[in-house]
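Q: Once you've had a glance at the structure underneath, I'll fire off some questions.
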Amino acid sequence: MASILLFLGVLAVIGAWWLSRQGLTSKPWLEQGGAGALPEATPAPPYRVGLLVLLAVIGSLFALFISAYAMRMQLPDWRTLPIPRILWLNTAMLALSSLALQGAKRAADRDELPELRASLLAGGISALAFLSGQLLAWRQLSNEGYFLAANPANAFFYILTGLHGLHLLGGLVALGRTTEKAWRENATEKLRLSVELCATYWHFLLLVWLVFLSVLTGWAENFVDICRQLLT
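Each step along the sequence shown adds one to the number in our numbering, with nothing skipped, and position 227 is 215.
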């Protein structure tokens, strides 16, 4: 339960930061200007609002699964499975993919088309490497006898990592379309919004994966215990 509260807290902070950047927390009646004149509103693009709603829904889904994981592991038939070492390499690949897309966003803002194309390709390749590594982790566990139906801990591992992988695979479709468009366009102006949305989605999936990893390894509970000791 502590891990789920931590996850929701992080999502709330990110959501508040995103809203502040969109100007949704401003008070137009306090802005300087002529009496009775209100500044014209500049609403956020609908695609950004749509992505925020999508991330909120996905975050709630992941939060429910993490909550179920935390409650189910308290029962006596729970047998924790070993964490494959390749997951650390996979984490590095996903972090590199997220960094590459952040670099693509900056390149789009600076109108540097060659760097944008290279960053998009690097992000896609790193994401594919992450998914390939996840499949290798599944194969390693199954070869060692940790099958899906053998224990609830095994089932949760496969479900959590598989659900995350499916969302990343869906993001790769959008990233592929953006990359293909980047090779057809001669300017970055029409690509900025698509690249920004892809980068935001990748950062979110990286955050979700880090939360998953902290829960699977027990780091989340240890972190909460340390915080409780410091506060008491």
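Quick reminder that beta carbons are idealized off the backbone N, C-alpha and C, glycines included.
By Cβ distance below 6 Å, which residues in the same chain neighbour G91 in space, the five residues on each side in sequence not counted?
A: Result list for G91: S107, in chain order.
Q: Leaving out five residues before and five after I74 in sequence, what residues of the same chain have Cβ atoms less than 6 Å from its Cβ?
A: For I74, where only same-chain residues beyond five positions count, the Cβ hits under 6 Å are G121, L124, A125.
Q: Less than 8 Å separating the beta-carbons of G203 and I54?
A: According to the sequence provided, residue 203 is Val. The question's Gly does not apply to it. Their beta carbons are under 8 Å apart, which means V203 touches I54 by this criterion.
Q: According to DSSP, is A110 part of a helix, a strand, or is it coil?
A: Helix, per DSSP.
Q: Between the beta-carbon of F192 and the beta-carbon of H152, is there less than 8 Å?
A: It is not a contact, given that the beta carbons lie outside the stated cut-off.
Q: Enumerate in chain order the residues of its own chain whose CB-to-CB distance from L181 is below 7 Å, with the five nearest sequence positions on each side excluded.
A: Result list for L181: P33, Y35, in chain order.
Q: Go through its chain and collect everything with a Cβ distance to G112's Cβ below 8 Å, but skip five positions before and after it.
A: Cβ neighbours of G112 beyond the five flanking positions: S85, L160, L163, G164, T167.
Q: Output yes or no for whether 8 Å exceeds the beta carbon distance between F118 and L154.
A: Going by C-beta atoms, F118 is not nearer than 8 Å to L154.
Q: Residues in the same chain with beta-carbon distance under 8 Å from L185, minus the five sequence neighbours each way, listed in chain order, please.
A: Around L185: Y35, R36, L39, A162.
Q: Quick check on D99 - is its C-beta less than 8 Å from some C-beta in chain C?
A: Chain labels in this structure do not include chain C; a single protein chain is all it has.
Q: Within a Cβ cutoff of 6 Å, which residues of the same chain sit near Y146, ignoring the five residues on either side of it in sequence?
A: Closer than 6 Å at Cβ, skipping near neighbours: L136.
Q: What alpha helix (DSSP H) runs, 4 residues minimum, are completely inside the region 164 to 212?
A: Complete alpha helix (DSSP H) runs here, min 4: 180 to 205.
Q: Compute the beta-carbon to beta-carbon distance between A143 and L69, rounded to the nearest angstrom, for a pair I have assumed lies under 8 Å.
A: Actually they are not in contact, since the Cβ atoms of A143 and L69 sit about 10 Å apart, beyond 8 Å.
Q: Looking at C-alpha atoms only, which residue of W76, Y134, L49, R127 is the closest neighbour of W66?
A: Minimum Cα distance to W66 is reached at Y134.
Q: Closest by CA to V45, which one among V196, N78, Q62?
A: Of V196, N78, Q62, the residue nearest in Cα terms is V196.
Q: Take the Cβ of K178 as the centre, count every other Cβ of all protein chains shown within 10 Å, and call the residue buried at 16 or more, exposed below.
A: With fewer than 16 Cβ atoms within 10 Å of its Cβ, K178 is classed as exposed.
Q: So which of L148, R105, A115, M61 has the shortest CA-CA distance to F50?
A: Per the Cα distances, L148.
Q: Exposed or buried, what is L78 when buried is set at 16 or more other beta-carbons lying within 10 Å of its beta-carbon?
A: According to the sequence as given, residue 78 is Asn; it is not Leu. So N78 counts as buried.
Q: State yes or no: is the C-beta of R98 within less than 8 Å of the C-beta of W171?
A: Going by C-beta atoms, R98 is not nearer than 8 Å to W171.
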